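Input: a single structure, listed below in structure tokens.
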């Protein structure tokens with residue numbers, strides 16, 4: 008969309024008339040006005056018309072409502088606005104803003120419809136539009152699904168363009184110079200004689216005129232920021248150690264808290280004895296919280312120590328108590344009615360033959376384990392609640408804290424903090440809820456709750472454990488039949504229905520994510536999903552269902568191609584039905600010089616996965632040394648339609664590969680007596696620095712749709728590594744973590 012012609016003033020003027028002294032601009036995709044959250048708390052020299060760009064006497068503030076958990080979300084949102092606003096990134100301030108329906112995430116609709124990302128037909132397009140409208144009505148302000156760029160690429164640029172043109176109109180009114188003779192650059196309107204009027208000097212005038220809604224977006228050849236290497240807005244602060252994360256939050260008079268929770272997650276506290284803890288130095292109060300006990304003290308360490316001294320009698324596990332029981336639950340689910348059958352093409356049953364190739368693959372539970380322990384600060388005072396925390400779901404957090412504090416959601420003020428990692432954990436809000444419970448016991452005093460690493464591990468909502476059972480047949484040197492059944496617990500039920508109170512009827516798309524919708528044209532092709540019950544609480548983990556399903560799908564496809572006597576890359580290219588994906592596969596082959604002789608004791612593997620609409624192909628090269636497997640090189644090709652910042656893009660891809668490889672190599676969470684056995688990183692090692700391979704990245708820009716890159720590099724890593732190990736050793740890996748079967752150096 009190059010021009011915005013049909014959205015009138017009421018689509019932008021949200022609320023009453025602008026306040027003299029400042030102005031803010033934004034863009035709404037739909038015509039129905041949405042309340043502008045910037046109007047609620049304006050200073051005397053500020054004003055706001057719309058939600059994304061605010062200008063006051065101090066300068067320009069860009070509102071970046073998608074959460075930043077280390078992936079550069081604030082910077083990329085700012086760049087998209089600043090591109091059209093004609094402001095430089097070192098001239099602006101960024102602010103995540105407040106929870107508001109105005110910041111709904113339309114791109115979430117792409118994953119919520121039963122159509123493949125490659126389907127751009129009328130029905131698929133209409134379904135996405137309908138679900139996108141629902142996202143707006145529900146005010147779904149959520150950061151996830153690698154959707155930040157996909158959601159913001161158009162509307163944030165339009166926000167910048169509307170602001171730019173309205174400021175030019177304000178300058179024309181102030182100076183009498185025709186708009187056509189004005190231009191913008193470096194955060195100022197430039198008059199024909201070269202005089203510069205900084206944007207902040209035009210705020211009052213701009214707030215009194217009609218927003219200019221007919222705007223032309225810049226063409227790619229005119230871009231100053233998009234597609235160019237840029238210094239992220241947080242680079243200097245991160246490099247100097249001055250960036251403040253949630254865990255750095257400090258308020259006057261703040262007290263510190265820790266919790267000790269039932270190790271059998273979801274179990275109750277039957278009784279507790281705090282006699283040994285209550286007289287420990289610094290302890291102020293010990294109170295029960297949901298599922299355990301909270302200790303409030305004068306610093307975090309003393310709160311941790313006192314929490315460890317509380318003796319508790321815990322209730323039993325609410326799910327299967329032993330890991331063997333969990334695998335049994337997954338196995339039993341195959342005998343239940345399918346949760347979904349996303350693909351059923353050809354005649355699977357009659358083409359498998361009498362001796363089909365069969366395999367069973369397994370993926371374990373995994374923890375999120377962000378480096379920054381989860382934390383929150385809550386202050387309840389005079390009917391107002393303030394929450395400082397890193398969150399991907401600020402509106403859910405607002406509503407849940409309001410229920411605990413006994414106030415309306417509008418009385419809960421979320422101060423979104425920078426996060427030191429998430430990988431999906433901060434889509435949950437358990438730390439804010441428990442902190443609110445403790446703050447209710449200390450009204451008027453800010454309470455800071457920090458989970459110890461052990462409590463974080465022990466009460467994480469996990470990546471689901473899953474099993475896939477496959478059957479297949481080959482003929483004529485190619486794959487003819489592919490039949491995959493997968494069993495896993497429901498993320499949507501656990502995360503959204505059970506913990507957020509949102510009914511989730513129908514199938515859970517995450518169980519079969521990146522299985523049924525892969526762009527392969529296999530003649531007889533069936534994918535069936537089964538929902539397992541009585542499992543541990545689960546949640547979205549980086550790339551959600553694709554993280555394990557790509558291992559299942561690509562691993563078995565590799566087995567079938569081997570059985571057919573084909574080349575792993577050539578066969579995938581031949582089977583591929585999507586032009587963009589096919590070019591991604593061809594490119595990774597060119598990058599890795601596929602087919603060259605690697606020499607003795609070496610192997611290579613390739614894997615492909617489309618997740619969140621982003622096709623990614625990876626080639627992994629390994630050496631089988633006397634001491635174990637060494638990963639030498641990884642080549643990655645992908646296509647997101649448009650790269651905003653090539654430096655950050657490369658870093659995100661490399662980080663995703665390391666994340667995927669490290670967890671495939673070394674990580675699993677196991678259950679004993681209803682509790683998680685792993686307590687810290689010494690029992691849950693990712694990839695070590697000395698193990699990290701060279702990672703070469705190439706981004707294509709042929710995709711007609713803008714996509715994200717935060718998660719899609721993760722899924723292909725495990726199957727590509729498994730295939731490379733098979734090529735080097737002949738050992739076929741069908742279960743993660745791989746260190747159960749091979750050594751790594």
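Numbering (our numbering), first residue to last: 8 to 752.
All residues carry an ideal CB built from backbone N, CA and C; glycine is no exception.
What you are looking at is a predicted structure, and each value in this text was computed from that prediction instead of being measured.
Through-space distance from residue j to residue i, alpha-carbon basis
i: residue 313; j: residue 504; result: 34 Å
i: residue 530; j: residue 443; result: 55 Å
i: residue 322; j: residue 299; result: 10 Å
i: residue 522; j: residue 234; result: 32 Å
i: residue 385; j: residue 566; result: 53 Å
i: residue 768; j: residue 462; result: Lying before the first or after the last residue shown, residue 768 is absent from the chain, which here runs from 8 to 752.
i: residue 736; j: residue 238; result: 44 Å
i: residue 6; j: residue 489; result: An answer regarding residue 6 cannot be provided, because it is not within the stretch 8 to 752 covered by the chain.
i: residue 511; j: residue 501; result: 10 Å
i: residue 38; j: residue 216; result: Because the pLDDT of residue 38 is 44, which lies under 50, any placement of that residue in the model is unreliable, and the number read from its coordinates should be weighed accordingly. Using only the alpha carbons, I get a separation of about 20 Å.
i: residue 98; j: residue 163; result: 18 Å
i: residue 664; j: residue 223; result: 38 Å
i: residue 338; j: residue 274; result: 25 Å
i: residue 599; j: residue 610; result: 12 Å
i: residue 452; j: residue 388; result: 8 Å
i: residue 3; j: residue 294; result: As shown, the chain starts at 8 and ends at 752. That puts residue 3 outside it, with no answer to give.
i: residue 365; j: residue 272; result: 36 Å
i: residue 390; j: residue 324; result: 37 Å
i: residue 180; j: residue 192; result: 19 Å
i: residue 220; j: residue 402; result: 29 Å
i: residue 642; j: residue 68; result: 39 Å
i: residue 706; j: residue 661; result: 12 Å
Selected residue, minimal CA-CA separation from residue i, among the options
i: residue 415; options: 750, 146, 393; result: 393
i: residue 43; options: 556, 441, 258, 111; result: 111
i: residue 623; options: 727, 677, 571; result: 727
i: residue 498; options: 258, 485, 553, 357; result: 553
i: residue 123; options: 275, 524, 500, 456; result: 524
i: residue 476; options: 625, 430, 493; result: 493
i: residue 506; options: 176, 420, 297; result: 297
i: residue 652; options: 78, 57, 487; result: 78
i: residue 815; options: 687, 519, 223; result: One cannot answer for residue 815 here, as it falls past the ends of the chain, which runs 8 to 752.
i: residue 695; options: 687, 333, 666; result: 666
i: residue 360; options: 616, 478, 602; result: 478
i: residue 154; options: 183, 409, 80; result: 80
i: residue 684; options: 68, 100, 374; result: 374
i: residue 367; options: 744, 740, 745; result: 740
i: residue 432; options: 509, 417, 371, 546; result: 546
i: residue 319; options: 328, 362, 311, 270; result: 270
Identified DSSP bridge partners for residue i
i: residue 192; result: 195
i: residue 246; result: Answer is none; residue 246 lacks a bridge partner.
i: residue 395; result: 384, 422
i: residue 204; result: 196
i: residue 230; result: Paired residues: none, contrary to the question.
i: residue 301; result: 266, 294
i: residue 705; result: 644
i: residue 537; result: 494
i: residue 485; result: 482
i: residue 638; result: 629
Proximity below 9 Å, CB of residue i to CB of residue j
i: residue 742; j: residue 650; result: no
i: residue 627; j: residue 640; result: yes
i: residue 647; j: residue 596; result: no
i: residue 704; j: residue 675; result: no
i: residue 240; j: residue 82; result: yes
i: residue 91; j: residue 168; result: yes
i: residue 93; j: residue 171; result: yes
i: residue 397; j: residue 424; result: yes
i: residue 426; j: residue 379; result: yes
i: residue 460; j: residue 687; result: yes
i: residue 157; j: residue 712; result: yes
Should the segment 343-359 be called in touch with the segment 522-536, which here means at least 3 C-beta pairs below 8 Å?
Yes: the two stretches touch, three or more of their Cβ pairs being nearer than 8 Å.
Three Cβ pairs or more, each shorter than 8 Å: is that satisfied between the segment 290-303 and the segment 232-251?
no
Would the segment 619-639 and the segment 742-750 be scored as touching if the rule is three or more Cβ pairs under 8 Å?
yes
Answer yes if the segment 202-213 comes into contact with the segment 60-68, meaning at least three C-beta pairs across the two stretches below 8 Å, and no otherwise.
yes
Would you call the segment 549-563 and the segment 716-724 touching, i.e. three or more CB-CB distances under 8 Å?
Contact between the segment 549-563 and the segment 716-724 is present, because at least three Cβ pairs lie under 8 Å.
Under 8 Å, with one C-beta from each stretch per pair, do the segment 149-169 and the segment 72-92 reach the 3-pair mark?
yes
Looking at C-beta atoms only, is the number of pairs between the segment 115-124 and the segment 133-144 that lie closer than 8 Å three or more?
yes
Is it the case that the segment 435-450 contacts the segment 179-188, given that we only count it when at least three CB pairs across the two stretches are under 8 Å?
Output reads no: the segment 435-450 does not touch the segment 179-188.
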